[in-house]
Amino acid sequence: MSPGLEVSLRAQGQIPLEMDLRCAPGEILALIGPSGSGKTTLLRALAGLYTQVSGQIRCQGRTWLDSQQGLCLKPEQRWVGMVFQQYALFPHLTALQNLTLAMSHLPRQAREPAALAWLERVNLAGLHNRLSSQLSGGQRQRVALARALASKPDLLLLDEPFSAVDQVTRFRLRRELALLRKQIDIPMLLVTHDLDEALQLADRICVLHHGQQLQCADPISLMQHPASPDVARLLGLQNIFSASVVAVGREGLSLDWAGCPIKVSQPSEYAIGDQVTWIAPPQSILLQRPDRPVPGDSENPIAGSITELVLMGPHASVRVLPNHAPELPLSFFIPLHYVERQQLHEGMPVTLSLKAHSLHVF
1 MSPGLEVSLR AQGQIPLEMD LRCAPGEILA LIGPSGSGKT TLLRALAGLY
51 TQVSGQIRCQ GRTWLDSQQG LCLKPEQRWV GMVFQQYALF PHLTALQNLT
101 LAMSHLPRQA REPAALAWLE RVNLAGLHNR LSSQLSGGQR QRVALARALA
151 SKPDLLLLDE PFSAVDQVTR FRLRRELALL RKQIDIPMLL VTHDLDEALQ
201 LADRICVLHH GQQLQCADPI SLMQHPASPD VARLLGLQNI FSASVVAVGR
251 EGLSLDWAGC PIKVSQPSEY AIGDQVTWIA PPQSILLQRP DRPVPGDSEN
301 PIAGSITELV LMGPHASVRV LPNHAPELPL SFFIPLHYVE RQQLHEGMPV
351 TLSLKAHSLH VF
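For the sequence shown, position 172 (counting from the first letter as 1) is numbered 172 according to UniProt numbering, and the numbering increases by one without interruption.
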């Protein structure tokens with residue numbers, strides 16, 4: 001089996017790079033991070049468009065860059081397919097012609113049938129004779145994706161591919177890519193500012209900041225066990241607090257959080273008296289029904305009151321001030337139907353449960 005993409009890059013400059021990445025054939029690796037984190041610089045380095053880097057790039061068994069050996073393949077030698085935010089289609093060519101132009105690896109008589117097959121795979125059958133100006137934004141992006149794949153690349157780079165279309169079209173394109181990827185056996189890198197997009201499409205997500213990778217993990221592990229407070233904040237997670245360790249056992253830790261005991265089911269090397277940072281991810285917080293008995297200590301019951309209740313489509317954003325520390329609010333989402341059924345409102349006293357196995361100590 002091909003090792004896929006192997007990257008070890010270093011660069012100095014306005015946006016320094018220090019990257020060690022792997023992406024297997026058929027895998028989607030999402031790169032997320034704020035502006036200036038190095039996402040676009042990394043993509044340009046992979047494509048051979050930015051050469052002020054040192055290190056190694058190997059893809060599908062071929063070496064593209066080896067600075068120690070003085071090897072740096074030109075962009076056209078790297079066999080990279082790229083999908084841009086703004087499509088980058090030739091406006092004077094039809095959808096079919098845009099694809100056949102990328103098929104120089106095929107005999108001339110085989111290009112049109114192959115291009116038509118690709119258009120059918122991206123649900124554009126019958127639209128092959130349309131110019132890009134005659135296509136919708138979603139259709140243009142499908143042509144761009146088909147063109148990138150029709151060139152038989154060793155690597156597919158997706159640079160915020162769905163950010164220029166409306167929300168409904170974006171959802172459809174994500175779904176189509178998720179289905180199409182089953183037929184793709186090359187490494188795929190997705191650059192996005194949309195965390196939901198990364199969570200939906202990626203096998204692994206790499207969080208970048210100031211040109212460095214802070215954490216690479218599968219979506220569930222990343223959201224439930226961020227490697228540091230910085231990663232948690234870059235992911236938009238809230239409920240990050242300080243506490244002290246008061247007990248250590250086989251089943252995990254006991255913390256003192258502003259005078260409130262908190263149990264965490266997490267093996268660790270912490271000692272009693274250590275000052276730690278812990279996080280309660282949204283999925284760790286349960287809002288108990290008023291008619292439910294007060295949960296036991298193992299469920300980390302927190303009494304408080306609702307200080308903020310904001311309806312956001314099918315969900316509501318809730319903020320609760322704990323009675324023991326109203327300066328340390330807990331924020332989470334709940335389904336709108338639960339708000340209506342329980343007649344929740346601001347100022348209402350409630351009890352929360354923090355699931356011990358879902359809490360995380362850094």
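Note that beta-carbon positions come from the ideal geometry of N, C-alpha and C, so glycine has one too.
- Going by beta carbons, LEU158 and LEU190 fall inside the 8 angstroms limit.
- With 16 or more neighbouring CB atoms inside 10 Å of its own CB, ARG140 falls in the buried class.
- The C-beta distance from GLU18 to GLY211 rounds to 6 angstroms, short enough to meet the 8 angstroms contact threshold.
- Within the same chain, Cβ atoms closer than 8 angstroms to the Cβ of GLN200 are found at ARG174, ALA178, the five residues on either side in sequence being excluded.
- If only complete runs of 4 or more residues are kept, the stretch 188-258 shows the alpha helix (DSSP H) at 195-201, 219-224, 229-234, in order along the chain.
- SER317 sits in a strand when the DSSP states are folded into three classes.
- One thing to note: MET103 has its Cβ no nearer than 8 angstroms to the Cβ of ALA148.
- Beta-carbon to beta-carbon, ASP256 and SER244 are separated by about 5 angstroms, close enough to satisfy the 8 angstroms threshold.
- Under the Cβ criterion (8 angstroms, minimum of three pairs), the stretch 9-29 counts as touching the stretch 48-66.
- Residue burial is scored here from C-beta neighbours: PHE162 has at least 16 other C-beta atoms within 10 angstroms and is therefore classed as buried.
- Every beta strand (DSSP E) of 3 residues or more that sits fully in the stretch 51-126 is shown, in chain order, as 54-59, 62-66, 80-83.
- Bridge partners of HIS345 according to DSSP: none are assigned.
- The beta carbons of ILE262 and LEU354 sit closer together than 8 angstroms.
- Three or more pairs of CB atoms, one per stretch, sit closer than 8 angstroms, so the stretch 319-338 contacts the stretch 298-308.
- Boundaries of the beta strand (DSSP E) around GLN275: 275-279.
- In this structure, the alpha-carbon of PRO91 lies about 56 angstroms from that of GLN342.
- If you draw a straight line from the Cα of HIS209 to the Cα of SER37, it comes to about 4 angstroms.
- Burial of ASP154 is indicated by the presence of at least 16 other C-beta atoms within 10 angstroms of its C-beta.
- Straight through space, the alpha carbons of ASP203 and LYS182 are spaced by roughly 12 angstroms.
- In its chain, beyond the 5 residues on either side, SER8 have a beta carbon closer than 6 angstroms to the beta carbon of ASP20.
- Taken through DSSP and simplified to helix, strand or coil, PRO282 comes out as helix.
- DSSP places HIS324 outside both helix and strand once states are collapsed to three, so it counts as coil.
- DSSP places GLU27 outside any alpha helix (DSSP H), giving it a letter other than H or E.
- In the DSSP assignment, GLU176 falls outside any beta strand (DSSP E) and within the unbroken alpha helix (DSSP H) covering 167-180.
- One thing to note: GLY249 has its Cβ no nearer than 8 angstroms to the Cβ of GLN266.
- The continuous alpha helix (DSSP H) containing ARG140 extends over residues 137-150.
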